[in-house]
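>
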Amino acid sequence: MIIPNNADEIVRFFNSSEDNFLSLTPEELFFGINELLFPNRTMPWPLVWAYIAVAACEGWLRNESLHYGQPGQLMPMNRLYTFDNLSCELRRFKMGRATHKAVGQIYHHRYGIFNKDTLKGKFEALLTDLTFNTDHALGLIGRYLIVKKLLENALLGGKISTVASLACGAGEAVVNAVAAAQKKGLKVKTAFLDINDKALEMVEKQLVGLPPGDNAFYLVNVIKNQRWFSALPVDALELVGLIDYISDKHLIKFLRSLKNPRLKLLISCNILRKPGLTGELERFFLRHALQWPLYYRTEDQLRAIFQSAGYEKVRLISEPYSLFSVVVWFKQ
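So this is what it looks like as structure tokens:
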């Protein structure tokens with residue numbers, strides 16, 4: 142494991158890897174995507190949406206100047222919606238809102254109340270299940286499964302040997318995909334780049350147990366400016382959970398800065414502007430209850446943005462709840 146001091150060290154790390162000049166084919170990259178086992182809702186749909194409506198409205202009615210804060214910032218308990226006081230797991234999730242810890246909590250949540258021994262435990266599990274039965278939570282799991290499968294396909298084909306995860310939004314998917322490649326004896330160099338120390342601490346924990354040596358991992362604690370990851374000489378870039386927070390104008394400029402002659406694969410994702418009442422309610426819940434301000438886009442808008450940035454013929458893959466669209470560009 143290497144911790145760099147500057148951007149040049151990152152470039153030197155990747156430049157030591159040879160490019161095999163082999164391109165991915167659609168057949169090998171998208172193999173098995175349609176057979177993925179996506180999570181099903183475990184709670185009645187009307188009950189989930191009633192819960193969301195109450196939680197979102199309560200968050201909206203509170204004093205906004207006191208209620209809102211930066212993601213992960215501890216808030217006075219009486220500024221959180223009522224259900225937080227009734228479930229320890231839900232309270233931990235709300236305190237870690239919009240952070241990698243909260244997303245990881247969704248990935249590994251055990252649904253169901255029957256594995257709880259006490260009535261209090263069953264009641265807490267019920268409230269937590271309601272939160273994690275929303276389209277957003279189930280969509281995040283679907284997003285993870287799609288990204289992991291795409292990366293596994295790309296790495297196991299032997300045509301990609303260097304990967305950079307920007308902002309580590311799908312860091313766990315990258316770790317698991319690289320682990321699958323290592324089991325096949327493939328050498329993969331990987332960088333996890335983030336401005337958040339806590340996010341990288343989670344990645345370090347996920348890397349425990351993976352074989353060291355030539356299959357090196359490269360972690361950066363602090364990204365001080367965009368130059369640290371501009372035009373990185375890597376085969377694959379993963380920037381899931383990042384572009385949702387960037388305006389169109391700055392996003393186009395940012396995507397252009399990532400281009401390099403070696404790049405073969407770019408995987409990103411954006412939350413979709415889901416139509417109808419359920420879409421409006423979901424956005425209201427995320428903004429006022431979980432305090433996740435995001436840039437919602439349509440699939441046509443995503444295609445236009447990536448095309449303007451120089452990424453032609455991107456493919457979009459939506460998870461079953463149609464809330465997240467995984468954007469895939471690969472050199473053909």
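Numbers in my numbering are just positions in the sequence shown, counted from 1, shifted up by 141.
We put the CB at the ideal spot given by N, CA and C, even for glycine.
Nothing here was measured: the structure is a model prediction, and the numbers come from that model.
Taking C-beta to C-beta, are L443 and V468 nearer than 8 Å?
Along the sequence shown, read from residue 1 onward, the residue named residue 443 stands at position 302. Along the sequence shown, read from residue 1 onward, the residue named residue 468 stands at position 327. The answer is yes: Cβ separation under 8 Å.
> List the residues that DSSP assigns as beta-bridge partners of R456.
As a first step, residue 456 must be located in the sequence shown, where it is residue number 315. Answer is V469, bridged to R456.
> Do the CB positions of T303 and K330 come within less than 8 Å of each other?
On the sequence shown, position 162 is the one that residue 303 refers to. On the sequence shown, position 189 is the one that residue 330 refers to. A contact, by the Cβ cut-off of 8 Å.
> Are the CB atoms of L307 and V152 within a distance shorter than 8 Å?
Taking the sequence shown and counting its residues from 1, one reaches residue 152 at position 11. Taking the sequence shown and counting its residues from 1, one reaches residue 307 at position 166. Contact: no.
> Here's the rule I'm using: 16 or more other beta-carbon atoms within 10 Å means buried, otherwise exposed. How should S409 be labelled?
As a first step, residue 409 is located in the sequence shown; it is residue number 268 there, counting from the start. Buried: at least 16 other Cβ atoms inside 10 Å.
> Relative to the C-alpha of L418, which residue among K472, L406, I193 is closest?
On the sequence shown, position 277 is the one that residue 418 refers to. Of the listed residues, the one whose Cα sits closest to L418 is I193.
> Tell me, please, whether the region 159-179 touches the region 257-271 by the rule of three or more beta-carbon pairs shorter than 8 Å.
no
> Starting from V304, trace the beta strand (DSSP E) in both directions and tell me its first and last residue.
To locate residue 304, count along the sequence shown from 1; it is residue 163. Residues 303-307.
> From what residue to what residue does the alpha helix (DSSP H) around K289 run?
What you label residue 289 is simply residue 148 of the sequence shown in a count that begins at 1. 276-297 is the span of the alpha helix (DSSP H), which, as asked, contains K289.
> My guess is that A318 and K346 are in contact by the Cβ rule of under 8 Å, so how many angstroms apart are they, rounded?
Here residue 318 is taken as the residue at index 177 of the sequence shown, counted from 1. Here residue 346 is taken as the residue at index 205 of the sequence shown, counted from 1. About 17 Å; that fails the 8 Å criterion.
> Between the region 334-349 and the region 393-404, do at least 3 Cβ pairs fall closer than 8 Å?
no
> If we ignore side chains and look at the alpha-carbon of each, how far apart do F395 and I287 end up?
The residue labelled residue 395 in the question sits at position 254 within the sequence shown. The residue labelled residue 287 in the question sits at position 146 within the sequence shown. Each residue's Cα considered, the two are about 24 Å apart.
> Using DSSP bridges, identify the partner residues of R438.
Within the sequence shown, residue 438 is the residue found at index 297, counting from 1. Note: R438 sits in a beta bridge opposite L413.
> DSSP three-state call for A321: helix, strand or coil?
Within the sequence shown, the letter at position 180 stands for residue 321. Three-state DSSP puts A321 in a helix.
> Less than 8 Å separating the beta-carbons of I282 and P180?
On the sequence shown, residue 282 is found 141 positions in, with the first residue counted as 1. On the sequence shown, residue 180 is found 39 positions in, with the first residue counted as 1. A contact, by the Cβ cut-off of 8 Å.
> I'd like to know whether the C-beta atoms of Y285 and A314 end up nearer to each other than 8 Å.
Position 144 of the sequence shown holds residue 285. Position 173 of the sequence shown holds residue 314. Yes, the Cβ-Cβ distance between Y285 and A314 is below 8 Å.
> Is A445 helix, strand or coil by DSSP?
Position 304 of the sequence shown, counting from 1, holds the residue named residue 445. Three-state DSSP puts A445 in a helix.
> Report buried or exposed for L464, applying the criterion of at least 16 other Cβ atoms within 10 angstroms of its Cβ.
Residue mapping note: residue 464 aligns to position 323 of the sequence shown, counting from 1. By the 10 Å Cβ count, L464 comes out buried.
> Which of the three DSSP states is assigned to A377 in this structure?
Position 236 of the sequence shown holds residue 377. Under the three-state reduction of DSSP, A377 is assigned to strand.
> Under 8 Å between the Cβ atoms of T275 and E423?
The residue you call residue 275 lines up with position 134 of the sequence shown. The residue you call residue 423 lines up with position 282 of the sequence shown. One thing to note: T275 has its Cβ within 8 Å of the Cβ of E423.
> When DSSP builds the beta bridges, which residues end up paired with L407?
Taking the sequence shown and counting its residues from 1, one reaches residue 407 at position 266. Partner(s): L378, W470.
> Considering G262, what are the terminal residues of the alpha helix (DSSP H) in which it resides?
Locating residue 262 in the sequence shown gives position 121, counting from the first residue. Run containing G262: 260-272, per the alpha helix (DSSP H) assignment.
> Measure the beta-carbon distance from L291 to A322 and round it to whole angstroms, keeping in mind my assumption that it falls under 8 Å.
For the purposes of this step, residue 291 is identified with residue 150 of the sequence shown, where counting begins at 1. For the purposes of this step, residue 322 is identified with residue 181 of the sequence shown, where counting begins at 1. Contact flag wrong, Cβ pair sits at about 13 Å.
> Roughly how many angstroms separate the alpha carbons of E159 and K257, rounded to a whole number?
What you label residue 159 is simply residue 18 of the sequence shown in a count that begins at 1. What you label residue 257 is simply residue 116 of the sequence shown in a count that begins at 1. If I take the Cα positions, the gap works out to 52 Å.
> Residue range of the alpha helix (DSSP H) that E342 falls in?
Indexing the sequence shown from 1 puts residue 342 at position 201. 338-348 is the extent of the alpha helix (DSSP H) around E342.
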